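Asker: So the sequence shown is numbered by my numbering: it starts at 2 and just counts up by one. Below you'll find the structure I mean.
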Amino acid sequence: MRGVVRTDARGARCNVRTRPEACVPALRFSAMHVSANHVDRFLRAAYDWGEHPHPIGFMRVQEIIKSARLRVGYPDWNYQDDMINTVLRHGLFTPERERSRKRDLIVRLVWTEVGLRRIEWLVQQSQNRVALHDHLHTSLVTWAYTPASAESYVRPSDFESTDDCWFAGTRIPLNVVNLGVSYLAQEGLLEYDQRKAGQLAVRTTSKGIRFLHSNQTVRDFMAAASQPPPPDSVTNHYSGIYVGGNATNANLASGSHNPQTINQGGGSDALASLVSQLRQVAPALGLQAADAEDLAEEVDALEREGAEPSRGRRIWRSIMRILTPAVTTAITAEAEHAVHAAITAGTDLFS
């Protein structure tokens, strides 16, 4: 079968269908074509085809790949091999083999507990409108900023052909994309030009570029922009004692046994950035539904109450109890690095 026989890291021949584990070192480079986005689309397509929770026949894999619109631009069998290798390596499936002509051939892919949890989460996440819009809005601003020339305009209809037009394994409809473009233009993150090629075109504004450098979601960025800047000084009357002056990140004590802590905006940017990091990495953690819901609630609580040090530390401890085990279940190396970065940022902020 074309594209099945490969060369391993030592130059020996290996076969992805008979011995996929032997091909893992050599496939790491070619398997970079298979991103987490592609894996989610493959899983969701298998689910929509009714292949869940039943094993997937080897010959059905190519049909599922086509259904997920993943084969364009890659040799069919090579990409199929990379996809099989990737889902096996991440523990989403185990191979079921049969003996044929003195060889063990993979005949079916059997869902693992990790794979079943992942598809369950994808189905739930696809119905989460807030998460969808967070993904879409960030992706649109980033995509419109991609052209080499800052003066270039792009057509929203072209966004459909990108991987970012997929969320939780499901394609985002064009009407939802157009609504997202309208919202971003209204908020000043994108600007229109109706004259380009007779079609609607957009580009990222200077405000949109500031948003991209903030590492926040659009809603967090807009909420922060609407907040008045913190005052440079504080006037406090407490038990008849006047306290005035610059009090940024200061501990003020008034009276004999009445300490009062006043935090003036010093960690607000760091807190907003941490909240945004956590929301961005959460979908790639492969958490069970209950843990994913708990994490979302704790992150919301951190956003509301994290500026108060004792509350922030308590909430962060709860988040750490979810994040620490998730390091081993992250679906990609990029997600694992993002979890470590979020843990480091949170520990620095609340230590």
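Glycine included, every Cβ here is placed at the ideal spot set by N, Cα and C. In this text, all values refer to a predicted model and were calculated from it rather than measured experimentally.
Applying the 10 Å Cβ sphere with the 16-neighbour rule, what's the burial state of P284?
Answerer: Buried: at least 16 other Cβ atoms inside 10 Å.
Asker: Go through its chain and collect everything with a Cβ distance to H134's Cβ below 6 Å, but skip five positions before and after it.
Answerer: Closer than 6 Å at Cβ, skipping near neighbours: no residue.
Asker: Please report the Cβ distance between L190 and F212, rounded to the nearest whole angstrom; I am assuming they are in contact, meaning their Cβ atoms lie under 8 Å.
Answerer: Their Cβ separation, rounded to whole angstroms, is 6 Å, which keeps L190 and F212 in contact under 8 Å.
Asker: Report yes or no: do the region 101-115 and the region 157-174 share at least 3 C-beta pairs separated by less than 8 Å?
Answerer: Taking 8 Å as the limit for Cβ pairs, the verdict is that the region 157-174 does not touch the region 101-115.
Asker: So the alpha helix (DSSP H) E298 belongs to, where does it begin and stop?
Answerer: Residues A290 to E306.
Asker: Find the nearest neighbour of T143 within the set D292, C166 and V111, judged by alpha-carbon distance.
Answerer: For T143, the nearest C-alpha among the options comes from C166.
Asker: In three-state DSSP terms, what is I173?
Answerer: Note: I173 maps to coil in three-state DSSP.
Asker: Indicate the three-state DSSP secondary structure (helix, strand or coil) for P96 in the structure shown.
Answerer: Correct three-state label for P96: strand.
Asker: Checking 7 Å against the spacing of the C-beta atoms, do A169 and L123 come in under that value?
Answerer: Taking 7 Å as the Cβ cut-off, A169 and L123 qualify as a contacting pair.
Asker: Just checking my contact of R204 with V155 at CB under 8 Å: how many whole Å lie between their CB atoms?
Answerer: 7 Å between Cβ atoms; contact.
Asker: Let me confirm a value: A254 is counted as buried when at least 16 other C-beta atoms fall within 10 Å, else exposed. Which label applies?
Answerer: Interpretation of A254 is limited by its pLDDT of 42, a score under 50 that renders its predicted location unreliable; the figure taken from the coordinates is listed afterwards. Per the 10 Å Cβ criterion, exposed.
Asker: I need the DSSP call for E191, collapsed to helix, strand or coil.
Answerer: Correcting the residue identity first, residue 191 is Leu in this sequence and not Glu. L191 falls in the strand class under three-state DSSP.
Asker: Give the single residue among P310, Q289 and A308 whose Cα lies nearest to the Cα of L324.
Answerer: Closest by alpha carbon: Q289.
Asker: Looking at the structure shown, is R1 part of a helix, part of a strand, or coil, going by DSSP?
Answerer: For residue 1 there is no data in the structure shown, the boundaries of the chain being 2 and 352.
Asker: So, with DSSP's three-state summary, where would you put R42?
Answerer: R42 falls in the helix class under three-state DSSP.
Asker: Return the CA-CA distance between Q63 and L137, expressed in angstroms with no decimal places.
Answerer: Q63 and L137: Cα-Cα distance of roughly 28 Å.
Asker: Just to confirm before moving on: does the CB-CB distance between L303 and I316 stay below 7 Å?
Answerer: Yes. Within cutoff.
Asker: What three-state label does DSSP hand V62 in the structure shown?
Answerer: In the structure shown, V62 sits in a helix (DSSP, three-state: H, G or I).
Asker: Does the Cβ of V340 have 16 or more other Cβ atoms within 10 Å, making it buried, or fewer, making it exposed?
Answerer: The residue in question, V340, is buried, as its Cβ has 16 or more Cβ neighbours within 10 Å.
Asker: Beta carbon of L275, beta carbon of A346: below 7 Å?
Answerer: A contact, by the Cβ cut-off of 7 Å.
Asker: Does the distance from the CB of G287 to the CB of R119 come in under 7 Å?
Answerer: In this structure, R119 lies closer than 7 Å to G287 by Cβ.
Asker: Are F59 and V111 close, meaning C-beta to C-beta below 7 Å?
Answerer: Contact flag unset, no.
Asker: Can you have a look at E52 and say buried or exposed, based on whether 16 or more other CB atoms are within 10 angstroms of its CB?
Answerer: It counts as buried.
Asker: Exposed or buried, which one is D82 when buried takes at least 16 other CB atoms within 10 Å?
Answerer: By the neighbour-count rule (16 or more Cβ atoms within 10 Å), D82 is buried.
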